[in-house]
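Everything on this sheet refers to the single structure shown next.
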């Protein structure tokens with residue numbers, strides 16, 4: 009299968025992509041780390057639900073309608089990206 013488990017994290021000012029060979033990996037399984045961006049000075053995440061953006065997501069039964077990431081790079085500027093979420097709640 010080409011299906012993989014993927015995650016992202018901010019580690020020591022670097023945005024890293026984490027990937028595992030299988031989507032149902034056990035804790036402690038081998039992880040592949042790739043640095044995507046360096047010198048990040050700020051990182052924010054927001055979630056869109058019911059017509060408003062919120063900074064915390066605690067609902068384990070519903071997906072947000074969209075997610076926004078904002079990164080500030082020391083040697084560039086602020087970058088914003090918004091993504092629609094498939095099957096996310098719209099109301």
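Numbering (the numbering used here), first residue to last: 9 to 99. From the three backbone atoms N, C-alpha and C, an ideal C-beta is built for every residue, glycine too.
- Buried or exposed for residue 30, please, with buried defined as at least 16 other CB atoms from any protein chain shown within 10 angstroms of its CB. exposed
- Can residue 26 and residue 48 be called in contact, C-beta distance under 8 Å? no
- Query: Where does residue 10 fall in DSSP's three states?
  - Reply: coil
- Task: Pull up the distance between the alpha-carbon of residue 39 and that of residue 64, whole angstroms please.
- Result: 27 Å
- Span of the beta strand (DSSP E), counted from its first residue to its last, around residue 60: 60-62
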